[in-house]
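Visitor: Here it is: the structure, laid out below.
Residue numbers (our numbering), protein chains in the order written: chain A, 2 to 203; chain B, 1179 to 1295.
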């Protein structure tokens, strides 16, 4: 109705195309603004709902199931470290050079196996959906592996290095958890869109 | 062409670790220039090595893998584990596989489902 009235007004006004009197178009502008606001609000609202669904899905399908394996991984690494720590220097003095090298290889291999199970069962599913997140988490695992291998890399265990390793272990665990939590955060862009949506709803 | 990695290992340890260390060795060996040549390269991992961590592998070779692609890289570079000990060989080989897997995942990460965040 508003549009047809505006069109009628336009054609009934002499020299309408050159008229500078825009007041007659105000109802049409208002109408367009209302329609535009409605669609913008709808788009923003749908986007927020979709984001919320994805967040919930990530939380239930990927994050929650990974918490227990993360705890288990770090406990296993700690156990493995203490186990080898107890016998390392004894082995160094009793085994031949080649036997000792093989033993050090075994220490490395045991860590590698624990890491691989975690990588395949926990990180790979995340990799398929959030490659950047999984790659960061994987980077922290490489860092722990480095600390572990360095600890057993020489002929004896440096007690300072051991304290540093245990310290690093828990710091890296915190980093892995913090990284996996990232997709749950709202980005600055999300907040901005939310505020725009709220403004339109008003 | 053969590259000996033995001089690039701390003599008091039996391990290769760390991405920055790998990058440093890459620069010393001028692998960027070698990548451009048509020469085939054999990289010798010393026999007293008990760990060749993926972090070091990535630092040393990821640039080449990225540039050449995995197939051409494998044609050009041959990583040779020199230890005569079968058990130790398996361990180092598994380290290398892990390094390749990490490199592949980094290369392919953009082809996974896109993150919506």
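Every residue, glycine too, gets a C-beta built ideally from N, C-alpha and C.
Everything numeric in this text was worked out from a predicted model, so none of it was measured.
Along the chain, which unbroken stretches of the beta strand (DSSP E) at least 3 residues long are found entirely within the region 1202 to 1273 of chain B?
Guide: Segments of the beta strand (DSSP E) lying fully in the region 1202 to 1273 of chain B: 1219 to 1223 and 1255 to 1259.
Visitor: Run through DSSP, which three-state label would residue 91 of chain A get?
Guide: As a working note, residue 91 of chain A is residue 90 in the first chain. Here residue 91 of chain A sits in helix by DSSP.
Visitor: Spell out whether any CB of chain B is found under 7 Å from the CB atom of residue 25 of chain A.
Guide: Stepping through the first chain from its first residue, residue 25 of chain A is reached at position 24. Judged by the 7 Å Cβ criterion, residue 25 of chain A is not in contact with chain B.
Visitor: Let me check understanding here. Comparing Cα to Cα, which of A:181, A:153, A:91 and A:81 lies closest to residue 134 of chain A?
Guide: Start at 1 with the first residue of the first chain, and residue 134 of chain A comes out as number 133. Selected option, being the one with the closest Cα: A:181.
Visitor: Restricting to Cα atoms, I'd like to know which of B:1192, B:1248, B:1245 and B:1232 is closest to residue 1280 of chain B.
Guide: Locating residue 1280 of chain B in the second chain gives position 102, where the first residue counts as 1. For the residues B:1192, B:1248, B:1245 and B:1232, the minimum Cα distance to residue 1280 of chain B belongs to B:1232.
Visitor: Does the beta-carbon distance from residue 1223 of chain B to residue 1230 of chain B come in below 7 Å?
Guide: Residue mapping note: residue 1223 of chain B aligns to position 45 of the second chain, counting from 1. Residue mapping note: residue 1230 of chain B aligns to position 52 of the second chain, counting from 1. Cβ atoms of residue 1223 of chain B and residue 1230 of chain B: closer than 7 Å.
Visitor: For the alpha helix (DSSP H) that contains residue 1182 of chain B, what are its first and last residues?
Guide: For the purposes of this step, residue 1182 of chain B is taken as residue 4 along the second chain, with counting starting at 1. Careful: residue 1182 of chain B lies outside any alpha helix (DSSP H), inside the beta strand (DSSP E) at 1180 to 1182.
Visitor: Listing by chain order, which chain B residues have their CB less than 9 Å from the CB of residue 113 of chain A?
Guide: Walking along the first chain from the start, residue 113 of chain A turns up at place 112. Here the neighbours are 1229, 1269, 1272, 1273 and 1276.
Visitor: Should the region 73 to 80 of chain A be called in touch with the region 113 to 131 of chain A, which here means at least 3 C-beta pairs below 8 Å?
Guide: Verdict: yes, contact present.
Visitor: Assuming residue 96 of chain A is part of the alpha helix (DSSP H), what are its boundary residues?
Guide: In the first chain, the residue the question calls residue 96 of chain A occupies position 95. Unbroken run through residue 96 of chain A: none, as it is neither H nor E.
Visitor: Nearest-angstrom Cα distance between residue 1288 of chain B and residue 1248 of chain B?
Guide: Residue numbering aside, residue 1288 of chain B sits at position 110 when the second chain is read from its first letter. Residue numbering aside, residue 1248 of chain B sits at position 70 when the second chain is read from its first letter. For residue 1288 of chain B, the predicted model reports a pLDDT of 45, less than 50, meaning its position is unreliable; a value from the coordinates is still stated below. Taking the straight line from one Cα to the other gives about 16 Å.
Visitor: Measure the C-alpha to C-alpha separation of residue 36 of chain A and residue 127 of chain A and round it to an integer number of angstroms.
Guide: Along the first chain, read from residue 1 onward, the residue named residue 36 of chain A stands at position 35. Along the first chain, read from residue 1 onward, the residue named residue 127 of chain A stands at position 126. For residue 36 of chain A and residue 127 of chain A, the distance between alpha carbons rounds to 41 Å.
Visitor: Sort A:105, A:166, A:93 and A:141 by Cα distance to residue 1268 of chain B and report the nearest one.
Guide: To locate residue 1268 of chain B, count along the second chain from 1; it is residue 90. Of the candidates A:105, A:166, A:93 and A:141, the one whose C-alpha sits nearest the C-alpha of residue 1268 of chain B is A:105.
Visitor: Within 7 Å of any Cβ in chain A, is that where the Cβ of residue 1191 of chain B sits?
Guide: To locate residue 1191 of chain B, count along the second chain from 1; it is residue 13. So yes, residue 1191 of chain B belongs to the interface.
Visitor: Cβ of residue 146 of chain A less than 7 Å from any chain B Cβ?
Guide: Locating residue 146 of chain A in the first chain gives position 145, counting from the first residue. Yes, because at least one Cβ of chain B sits closer than 7 Å to the Cβ of residue 146 of chain A.
Visitor: Against chain B, which members of the region 150 to 181 of chain A pass a CB distance test of less than 9 Å?
Guide: For the region 150 to 181 of chain A, which is checked against every Cβ of chain B, the residues closer than 9 Å are 150, 151, 153, 154, 155 and 156.
Visitor: Is residue 100 of chain A close to chain B? Criterion is C-beta to C-beta, closer than 7 Å.
Guide: The residue given as residue 100 of chain A occupies position 99 in the first chain. Not one chain B Cβ lies under 7 Å of residue 100 of chain A.
Visitor: When you check each C-beta in the region 60 to 86 of chain A against every C-beta of chain B, which residues fall closer than 9 Å?
Guide: From the region 60 to 86 of chain A, no residue has a Cβ closer than 9 Å to chain B.
Visitor: I need the DSSP call for residue 131 of chain A, collapsed to helix, strand or coil.
Guide: The sequence position of residue 131 of chain A within the first chain is 130, counting from 1. Coil at residue 131 of chain A, not helix or strand.
Visitor: In or out: residue 1216 of chain B buried (at least 16 other Cβ within 10 Å) or exposed?
Guide: Your numbering for residue 1216 of chain B matches position 38 in the second chain. So residue 1216 of chain B counts as exposed.
Visitor: If you follow the alpha helix (DSSP H) that residue 161 of chain A is part of, which residue opens it and which one closes it?
Guide: The count along the first chain starts at 1 and reaches residue 161 of chain A at position 160. Residues 160 to 182.
Visitor: Along chain A, which residues have their Cβ under 7 Å away from the Cβ of residue 1266 of chain B?
Guide: One-based indexing of the second chain puts residue 1266 of chain B at position 88. Chain A residues near residue 1266 of chain B: 102, 103 and 106.
Visitor: Let me see if you follow: with CB-CB separation under 7 Å, is residue 1 of chain A close to chain B or not?
Guide: For chain A, the structure presents residues 2 to 203; residue 1 of chain A sits outside this window and is missing.
Visitor: By how many angstroms is the C-alpha of residue 29 of chain A removed from the C-alpha of residue 53 of chain A?
Guide: Counting from one through the first chain, the residue named residue 53 of chain A turns up at place 52. Counting from one through the first chain, the residue named residue 29 of chain A turns up at place 28. Approximately 36 Å, taken between the alpha carbons.
Visitor: Only counting the same chain, and skipping five residues up and downstream in sequence, which positions put a Cβ closer than 7 Å to that of residue 1292 of chain B?
Guide: Residue 1292 of chain B sits at position 114 when you count from the first residue of the second chain. In this prediction, residue 1292 of chain B has a pLDDT of 40, which is less than 50 and means its spatial position is unreliable; what the coordinates show is noted afterwards. Counting only Cβ-Cβ distances below 7 Å, and skipping sequence neighbours, we find nothing.
Visitor: Hey, out of A:40, A:87, A:45 and A:60, whose CA is closest to residue 194 of chain A's CA?
Guide: On the first chain, position 193 is the one that residue 194 of chain A refers to. That would be A:45, whose Cα lies nearest to the Cα of residue 194 of chain A.
Visitor: First and last residue of the alpha helix (DSSP H) that includes residue 28 of chain A?
Guide: Locating residue 28 of chain A in the first chain gives position 27, where the first residue counts as 1. Its alpha helix (DSSP H) spans residues 27 to 59.
Visitor: Can you tell me the Cα-Cα spacing of residue 69 of chain A and residue 62 of chain A, whole angstroms?
Guide: Along the first chain, one-based indexing puts residue 69 of chain A at 68. Along the first chain, one-based indexing puts residue 62 of chain A at 61. The alpha-carbon atoms of residue 69 of chain A and residue 62 of chain A are separated by roughly 13 Å.
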